[in-house]
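For the first sequence, my numbering assigns the number 1 to the initial residue and increments by one for each residue that follows. Each residue gets a CB set at the ideal place from its N, CA and C atoms; glycine is no exception. Just below is one structure, and these are the notes that go with it.
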Amino acid sequence: MVNSHGRRSIVSGIEIEGGRLRTERLRKLEELKSLGIKPYPYRFERTHKAQDLQEQYKELEKEVETQDVVRVCGKIMNERNSWMFVDLYDETGKIQLFCHKESLPQEKLDQRKLLDKGDYIGVTGTIRRTKAGELSVRVTDWELLCKSLQPMPDSWDGFNDVEARYRHRYVDMLVNPSVRDTLRKRSVVIRTIRKFLDDRDFLEIETPTLQVEAGGADARPFVTHHNTLDIDLFLRIATELHLKRLIVGGFERVYEIGRIFRNEGISTRHNPEFTMLEMYCAYGDYNDLMDFTEEMICECATAVAGGTKVKYGEHEIDFARPWKRVRMNDAIKNACGLDVESIPTFEGMKEAATKLGVHLDKEETRGEVINTIFESKAEASLIQPTFIIDYPVEVSPLTKAHRNNPGEVERFELFCTGRELANGYSELTDPLDQRQRLENQARKKAAGNEEAMPLDLDFILAMEYGMPPTMGIGIGIDRLVMFLTDSASIRDVIAFPTMKPIVEPPKTAKDAQPDKDAEAVSRKG
RNA sequence: GCAUCCGUAGCUCAGUAGGUAGAGCACUCGGCUUUUAACCGAUUGGUCCUGCGUUCGAGUCGCAGCGGAUGCACCA
């Protein structure tokens, strides 16, 4: 890795070409080759994984030697007492190697000097437990499975440089077990959701990532270019509009767990690409959907945390059902005493917001102001899982009007530790109403609001063919995994989070000239 | 996008008032050991993030930039 000025490693622990530690390993690699040893062989027949041995010999007492011969393999992570003790790791955990000179042939003793931490080896040996109580393999033979050229992070100080951890996540995974644990739990969450939905006859259907217009959410999209068609395309910001087309198409239960791209700020809670579950189910409304959501998330919590109680930072969150359901207007009243229902006008609402110290920006309607008041006054206090229900129609262009309350829609958002976790509603199925709402959005977009939705005429056309009553929800998988794994940053639950690249500047005037190919590509046509 | 903080050896860090660039660990070499970051000895290792400036002299002071962290904004 080279920094912006072309010389040294900018992130800790990584050896650039010419680095001393790497050069030393290259020397050992050459020496191994000269001894006729293949440093990158093809396979190893193992009899046990580390965890198998730990379990199988749980009862073996200290200082007891067995004659049981095993073959294990893995990565050398640590060494003590001049390589008499070696910690060998495989995916399941650790097994200590006991490498005494009297158990090893002279040749293998000599070649030991060519091994480093980070190398993969396979060993043959017998099982024993040491005086210190550590289950070990007394090594009688070993073979190299991979020579590593990079130094492993210092085992005493650890691999703590945050930037290095995210830029070189493979090292982070090797050294910090919690990283693997979190990613494993993420996999469990996704598997649990799939099983939950599949068991209820849902179909997982993939919808387009490249779209002519990016709709279905308020967000700025990424733009890309298709060369042959010579058109700009957008990366999707939601899967909603296509999944609803599937409902129109006659599927009654569909979902997608897919990558979403939003061209917005990066923070501990936002990555430019993230994973969202969107699920749509015909003939149900938002009340049914809240029950459904509770059940599904409880199942995830149980699968990952073993129960409904989860520690998150300083909070203990209990997902036990049922969760509170609070009308947005009541949530505002509870938080700051304001009764928005007594204020019928946009101007009046604006005044009330200002009086409360709520900063308004681009709000143009009464409903938008109510939503902003909620976000700045009430949201943060929603620690335990809470459904906020009945949103203003102006902030919900895809949601069916409330059956009783004019000006409101049948929508909920799920909050937890003051953060939004899910967004669901009775889907708007009236094509004429939908057209009007999207035309309003398009007007805003034309007026310069980059997050407003485009007018998707094909979506409206689809709805004119007829869409049954439908409930639909989107759940941010990354956020959910954050809660269930007590992760402070979204980066901790993503295998390879987005990082700003380290750019190598031109070293000479000649290099500084634009690359011809790049130039050609940048000219459209 | 805004604010605050951070950047010295592979790692963790020290660096006094602006005056020769330091320690421990790691690496390498040698010794020793059947029991746990072993230990003992020796060597090696630096563009102090980059650039410009102030100064006789800058790791240290100033300005600009790069990268990161956190918070805010946006949003899920």
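Between the alpha carbons of M453 and G215 lies a distance of about 5 Å.
It is roughly 6 Å from the alpha-carbon of V137 to the alpha-carbon of R128. When the Cα atoms are used, R479 and Y40 turn out to be separated by approximately 40 Å. With contacts defined as CB atoms closer than 9 Å, G122 and V72 qualify as a contacting pair. If the five residues before and after N176 are omitted, its C-beta is found closer than 7 Å to the C-beta atoms of F159, all from its own chain and listed in chain order.
Between the C-alpha atoms of A422 and I475 there is a straight-line separation of about 4 Å. Boundaries of the beta strand (DSSP E) harbouring G93: 93-98, taken from the DSSP string. Selection S426, E295, V304 evaluated against P322 yields E295 as nearest (Cα-Cα).
Under the 8 Å Cβ criterion, the stretch 370-384 counts as touching the stretch 334-342, having at least three qualifying pairs. Ranking F251, L382, I389 by CA distance to the CA of F202 puts F251 first. The stretch 112-148 is shown to contain whole beta strand (DSSP E) runs of 3 or more residues at 120-129, 135-146, in chain order. Remark: C-beta atoms of H270 and E264 approach each other more closely than 9 Å. The C-beta separation of S426 from E410 comes to about 4 Å, placing the pair in contact by the 8 Å criterion. Taking a cut-off of 8 Å on C-beta distances, the stretch 94-103 does not touch the stretch 166-186, as fewer than three cross pairs fall below it. Runs of the alpha helix (DSSP H) lying entirely within the stretch 220-256 and spanning at least 4 residues, in chain order: 240-248.
Burial of T485 is indicated by the presence of at least 16 other C-beta atoms within 10 angstroms of its C-beta. Short of 8 Å from the beta carbon of E31, and not among the five residues preceding or following it, lie these beta carbons of its own chain, in chain order: L114. Going by DSSP, I190 is part of no beta strand (DSSP E) but of the alpha helix (DSSP H) stretching over 177-199.
With a cutoff of 9 Å on beta-carbon distance, P385 and D318 are scored as near each other.
For the pair T126 and T209, the CB atoms are not nearer than the 9 Å cut-off.
Only residues of its own chain outside the window of five on either side were considered, and among them T182, R186, D478, V481, M482, T485, S487 have a CB closer than 7 Å to the CB of V493, listed in chain order. In the three-state reduction of the DSSP assignment, M279 falls in the strand class, which pools E and B. Around the beta carbon of C416, 16 or more other beta carbons lie within 10 angstroms, which makes this residue buried.
Looking only at K108, Q111, V212, E79, the smallest Cα-Cα distance to W156 is reached by E79. Within the same chain, V188, T192 come within 6 Å of A303 by CB-CB distance, once the 5 residues on both sides are set aside. V326 has its alpha-carbon roughly 26 Å from the corresponding atom of K362.
Taking a C-beta distance under 9 Å as the contact criterion, R25 and P151 qualify as a contact pair. Residue state for F374 is assigned as helix, using DSSP reduced to three classes. Annotation: L382 to F374 spans about 11 Å, alpha carbon to alpha carbon. Per DSSP, I343 is not a residue of any alpha helix (DSSP H), being assigned neither H nor E.
With fewer than 16 other CB atoms across the displayed protein chains lying within 10 angstroms of its CB, R184 is exposed.
Nearest to Q51 by alpha-carbon distance, out of T92, V358, C298, A352, is T92.
Contact between G118 and S82 fails: their C-beta atoms lie close to 18 Å from each other, not under 8 Å. For P431, the three-state secondary structure derived from DSSP is helix. Within the model, the alpha-carbon separation for D116 versus M77 is close to 9 Å. When beta bridges are read from the DSSP output, L203 appears opposite V254.
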